[in-house]
Amino acid sequence: MGLDQGDAWSLGVLAGGARYEFALRPRKGTMEGRVGPVVSTVVPSSVPLTCTALLPGRIVLNRPTVAVPVSYRPDCSAAGASSASWWLTTAAGARTAIASLPSTTAQIPDSASVGAYQWRPDGATTGGRVALSQNTVGASVRYGAAVWLGVGRSGNTVSVSTFVNRYQPALDRYGQSTPSSQAQLQYRLADGSWKTVKYLYPTATQAYRWSYTCAVPRTYRVLLPDAPAYWGTTSASVTR
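With our numbering as the guide, the letters of the sequence shown map in order to residues 190 to 429.
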């Protein structure tokens, strides 16, 4: 049975994705149709596939080669990533270290210059060679520092001595250097916070010594703030 030119056509989809057109003749209660070519009904996503990594932003140089932790978010496996890399790069574009899937560490030499860096994408693909979007992470590289604290008491007199070492890449170990910020002697308050009682300035040997009168026992620590070339740190606490 044929259809008239005046019949109205509608579009439907069969199982499997085939499209067909049909016209309904109300006066006869009949319907005729014709099947067209199979056309995919899957609409590609406009959101790019991604592979993002958890990369350290605070990098401490405290040995000849520092292994920093690297991990990857679930979107990498969900996208089917087979390769992905990020370079630790200076503002001038110099590459210092690389983090690559599936490694869980990146190796950074102590010859790296201190300052601001970025973990920049170096390419990520699936096994089918589909490119994936990657993240960029800011980072700062500085040398490490260590602080030792000794506290003694004689009656109401409290004597404090502390010593600061900083990592020296030329020595491949911690040693004396000219610090760029003073240390702070602090004691702990009842609420758990810390109050600075004295700023301790460096001597030629980086020893800090000071005495004062205090009748009650206190818990002390030394805080070494961050400096442009060094990360700050705190000493172990001592109660006297």
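Think of the CB as a built atom: it goes at the ideal place given N, C-alpha and C, for glycine as much as any other residue.
Check	Outcome
Exposure of Leu360, with buried meaning 16 or more beta-carbon neighbours within 10 Å	exposed
Paired residues, beta bridge with Arg362 - DSSP	Gln357
Residues bridged to Ala334 (per DSSP)	Arg355
Whole-Å CB distance - Tyr363 paired with Tyr419, under 8 Å assumed	The pair is not a contact, with the Cβ atoms about 11 Å apart (cut-off 8 Å).
At least 3 beta-carbon pairs within less than 8 Å: the segment 375-384 vs the segment 408-427	yes
Spatial neighbours of Asn345 in its chain, beta-carbon cut-off 7 Å, leaving aside the 5 residues before and after	Thr402, Cys403, Ala404
Counterpart residues of Val349 in DSSP-defined beta bridges	Val340, Trp399
Rounded straight-line distance, which links the Cα of Thr385 to that of Ser266	49 Å
DSSP-derived helix/strand/coil call for Asp311	strand
Sub-9 Å separation of Ala353 and Ala334 beta-carbons	The amino acid at residue 353 is misidentified as Ala; the sequence shows Val. Result yes, Cβ atoms of Val353 and Ala334 sit closer than 9 Å.
CB contact flag (Arg252, Tyr397, <9 Å)	no
Spatially closest choice to Trp337 from Pro245, Ser343, Ala372, by CA coordinates	Ala372
Residue span of the alpha helix (DSSP H) that contains Pro263, given as start and end	263-268
Gly421, DSSP secondary structure in three states	coil
Spatial distance of Asp415 from Thr422 (CA atoms)	8 Å
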